[in-house]
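Enquirer: For the sequence shown, position 23 (counting from the first letter as 1) is numbered 23 according to UniProt numbering, and the numbering increases by one without interruption.
One structure, as structure tokens, below. Some questions next.
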Amino acid sequence: METTEANERPKILGGCMKTRNVQALVADHNVLPADILERYIRPEMAVDDVLLENNSEEIPVIDMSRLMDEVSMDEEASKLKFACEDWGFFQLVNHGVPEKVIEELKEDLMRFYDLPLEKREEVAQLPGDLEGYGQAFIASEEQKLDWADMLYLFTQPPHFRNYKHWPSQPPSFRDSLENYSNATQEVAHCIMGFMATILGIKRETISEIHGSQTVRINYYPPCANGHDKMIGLSPHSDGCGLTLLLQVNPVPGLQIKRNGKWLPIVPLPGALIVNIGDALEILTNGRYKSIEHRAVINAKEERISIAAAHSPSFEKTVGPLADIVGKGTPLFKSVTMPEYVKLFVSQKKIYEKKMVQLLKLNP
1 METTEANERP KILGGCMKTR NVQALVADHN VLPADILERY IRPEMAVDDV
51 LLENNSEEIP VIDMSRLMDE VSMDEEASKL KFACEDWGFF QLVNHGVPEK
101 VIEELKEDLM RFYDLPLEKR EEVAQLPGDL EGYGQAFIAS EEQKLDWADM
151 LYLFTQPPHF RNYKHWPSQP PSFRDSLENY SNATQEVAHC IMGFMATILG
201 IKRETISEIH GSQTVRINYY PPCANGHDKM IGLSPHSDGC GLTLLLQVNP
251 VPGLQIKRNG KWLPIVPLPG ALIVNIGDAL EILTNGRYKS IEHRAVINAK
301 EERISIAAAH SPSFEKTVGP LADIVGKGTP LFKSVTMPEY VKLFVSQKKI
351 YEKKMVQLLK LNP
């Protein structure tokens, strides 16, 4: 990562090698040729243990309106504590993001992906930078690829935005994304307040650290031949503090690692799927858990999702909070946020609890 002054917009280095746009591959081929398919086939998919969608285990559901109500607050906070410490994932309902804001962004995203490739590539990534339209963490011609395209953008704070990467078509896209970004940041900070209170620290402690937001919009095309042997997004845990995921269309694909097996997640209508990232596990000295997850592919339908990742501000330090450690022992090293980002992108791949592993003391 490069910055010259504290208030200047950072540049996240470590982009990826240029490769074929996946949406365009589907448009060009009804059936993928073997030489193209080979880049995306994952042998491990044949042996992975996936739980059935109708199994008895479901991720917790947290009702924000009950957290805000004095009568039900304690009961719902107890459920939130369990979700953060045991699951690392939960569905958030009655979260307060206006339905109009969500629907406008969904409509604009569908219109963006209906544009010709050359129009979409007007906001393509620049060499060496992750921001923009393209892919991530492609370091060699030999590695297996994810079956997805992404649009990755800085959204908060506003002066970090690089509008040359924000689509100008459809014309309402930028306003829609800004409205959604503002609303989800407010929700994230609100839920962080409850997370802090549960830990017995000041309500604003965690939210004040997390002043940065990026948005990753994932497009997973269908694939008739090979979808069950492909990965849309490789198994990983998020490097940020807290992610809010919105499903744009009702096509399943998210799976989380639970007790060594992959658990499919079926989003509730209107819900945000929230997950703990590595940074928050480190800040809470391991009290809250980041969890490995992945995206799989559908044979017939595209899937689109929006991940709003909330991270510590670039002037902050990532390490166990003193108020949580107390007289105990910190489990992780402390690093500045620029050092954290540099370490994250230097690995050139994503994997389970990457930053937790890299910063763990006496692993």
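In this text, a Cβ means the ideal position worked out from N, Cα and C, and glycines have one as well.
Given the structure is predicted, the values throughout are model-derived calculations rather than measurements.
Classify VAL22 as helix, strand or coil using the three-state DSSP reduction.
Expert: Translated into positions along the sequence shown, residue 22 becomes position 22. Helix at VAL22.
Enquirer: Evaluate the contact criterion for the stretch 236 to 251 versus the stretch 22 to 39: three or more CB pairs, one atom per stretch, below 8 Å.
Expert: No, the stretch 236 to 251 does not touch the stretch 22 to 39.
Enquirer: For ASP278, report the span of its alpha helix (DSSP H) as first-last.
Expert: Position 278 of the sequence shown, counting from 1, holds the residue named residue 278. Segment 278 to 283, the alpha helix (DSSP H) holding ASP278.
Enquirer: For the beta strand (DSSP E) that PRO264 lies in, which residues bound it at each end?
Expert: Taking the first residue of the sequence shown as 1, we reach residue 264 at position 264. 261 to 264 is the span of the beta strand (DSSP E), which, as asked, contains PRO264.
Enquirer: Within this structure, are the beta carbons of HIS210 and ALA299 separated by less than 8 Å?
Expert: Residue 210 sits at position 210 when you count from the first residue of the sequence shown. Residue 299 sits at position 299 when you count from the first residue of the sequence shown. Taking 8 Å as the Cβ cut-off, HIS210 and ALA299 do not qualify as a contacting pair.
Enquirer: Within this structure, are the beta carbons of ASP63 and GLU76 separated by less than 8 Å?
Expert: Counting from 1 along the sequence shown, the entry for residue 63 is found at position 63. Counting from 1 along the sequence shown, the entry for residue 76 is found at position 76. Yes; because the gap between Cβ atoms is below 8 Å, this pair is in contact.
Enquirer: Taking just the CA atoms, how far does PRO267 sit from residue 391?
Expert: What the structure shows of the chain is the stretch from 1 to 363, and residue 391 is not part of that stretch, so it cannot be assessed.
Enquirer: With TYR40 as the anchor, note down where its beta strand (DSSP E) starts and where it stops.
Expert: Within the sequence shown, residue 40 is the residue found at index 40, counting from 1. Premise fails: TYR40 is in no beta strand (DSSP E) and is neither H nor E.
Enquirer: Would you call the CB atoms of ALA295 and TYR219 closer than 8 Å?
Expert: Here the question's residue 295 lines up with position 295 in the sequence shown. Here the question's residue 219 lines up with position 219 in the sequence shown. For ALA295 and TYR219, no; Cβs fall outside 8 Å.
Enquirer: Kindly identify the DSSP beta-bridge partner or partners of residue 367.
Expert: Only positions 1 to 363 of the chain appear in the structure, and residue 367 is not among them; the question remains open.
Enquirer: I need the DSSP call for ARG258, collapsed to helix, strand or coil.
Expert: Against the sequence shown, residue 258 aligns to sequence position 258. If DSSP states are grouped into helix, strand and coil, ARG258 belongs with the strands.
Enquirer: Do you know how far the Cα of SER305 is from the Cα of ALA196?
Expert: Within the sequence shown, numbered from 1, the residue matching residue 196 stands at position 196. Within the sequence shown, numbered from 1, the residue matching residue 305 stands at position 305. The straight-line gap from Cα to Cα measures roughly 28 Å.
Enquirer: Using DSSP with H/G/I as helix, E/B as strand and the rest coil, what is ALA224?
Expert: The residue labelled residue 224 in the question sits at position 224 within the sequence shown. Three-state result, ALA224: coil.
Enquirer: Indicate whether LYS354 and PHE332 have their beta-carbon atoms separated by less than 8 Å.
Expert: Translated into positions along the sequence shown, residue 354 becomes position 354. Translated into positions along the sequence shown, residue 332 becomes position 332. No.
Enquirer: Can the beta-carbon of SER176 be found closer than 8 Å to that of ASP108?
Expert: Position 176 of the sequence shown, counted from the first residue, corresponds to residue 176. Position 108 of the sequence shown, counted from the first residue, corresponds to residue 108. Yes, Cβ-Cβ distance for SER176 and ASP108 is below 8 Å.
Enquirer: Identify which residue in ASN249, PHE154, HIS159 and LEU67 has its Cα closest to the Cα of GLY96.
Expert: If you number the sequence shown from 1, residue 96 lands on position 96. With distances taken between Cα atoms, GLY96 lies closest to LEU67.
Enquirer: List the DSSP bridge partners of LEU303.
Expert: The residue labelled residue 303 in the question sits at position 303 within the sequence shown. It should be noted that the sequence gives Arg, not Leu, for residue 303. ARG303 is bridged to TYR220.
Enquirer: Could you tell me the alpha carbon to alpha carbon distance between ASP49 and TRP262, rounded to whole angstroms?
Expert: Against the sequence shown, residue 49 aligns to sequence position 49. Against the sequence shown, residue 262 aligns to sequence position 262. Each residue's alpha carbon lies about 6 Å from the other.
Enquirer: What is the DSSP secondary structure of PRO330, counted as helix, strand or coil?
Expert: To locate residue 330, count along the sequence shown from 1; it is residue 330. Correct three-state label for PRO330: coil.
Enquirer: LEU80 and ILE201: beta carbons closer than 8 Å?
Expert: Within the sequence shown, the letter at position 80 stands for residue 80. Within the sequence shown, the letter at position 201 stands for residue 201. No, the Cβ-Cβ distance between LEU80 and ILE201 is not below 8 Å.
Enquirer: Could you pull the DSSP bridge partners for ILE62 from this structure?
Expert: The residue labelled residue 62 in the question sits at position 62 within the sequence shown. For ILE62, which the question treats as bridged, DSSP gives the partners LEU92.
Enquirer: Mind checking whether ALA24 and LEU145 have CB atoms under 8 Å apart?
Expert: Numbered from 1 along the sequence shown, position 24 holds the residue referred to as residue 24. Numbered from 1 along the sequence shown, position 145 holds the residue referred to as residue 145. In this structure, LEU145 does not lie closer than 8 Å to ALA24 by Cβ.
Enquirer: Could you check the C-alpha separation between PRO330 and THR184 for me, to the nearest Å?
Expert: For the purposes of this step, residue 330 is taken as residue 330 along the sequence shown, with counting starting at 1. For the purposes of this step, residue 184 is taken as residue 184 along the sequence shown, with counting starting at 1. Going by the C-alpha atoms only, they are around 31 Å apart.
Enquirer: Could you check the C-alpha separation between PRO221 and GLU70 for me, to the nearest Å?
Expert: The residue given as residue 221 occupies position 221 in the sequence shown. The residue given as residue 70 occupies position 70 in the sequence shown. Distance between the alpha carbons of PRO221 and GLU70 is about 45 Å.
Enquirer: Sorted by chain position, which residues of the same chain lie with C-beta nearer than 6 Å to VAL26's C-beta, five sequence neighbours on each side aside?
Expert: Here residue 26 corresponds to residue number 26 of the sequence shown, with the count starting at 1. Excluding positions up to five away in sequence, the list reads PRO221.
Enquirer: Here's a check: name, in chain order, each residue in its chain whose Cβ is nearer than 6 Å to the Cβ of PRO167, leaving out the five neighbours to either side.
Expert: Along the sequence shown, one-based indexing puts residue 167 at 167. The answer, listed in chain order, is PHE112, VAL123 and PHE173.
Enquirer: What is the residue span of the beta strand (DSSP E) that ALA295 lies within?
Expert: The residue given as residue 295 occupies position 295 in the sequence shown. That run of the beta strand (DSSP E) goes 293 to 295.
Enquirer: Could you tell me if ARG20 is buried or exposed, where buried requires 16 or more neighbouring beta carbons within 10 angstroms of its beta carbon?
Expert: Against the sequence shown, residue 20 aligns to sequence position 20. Exposed.
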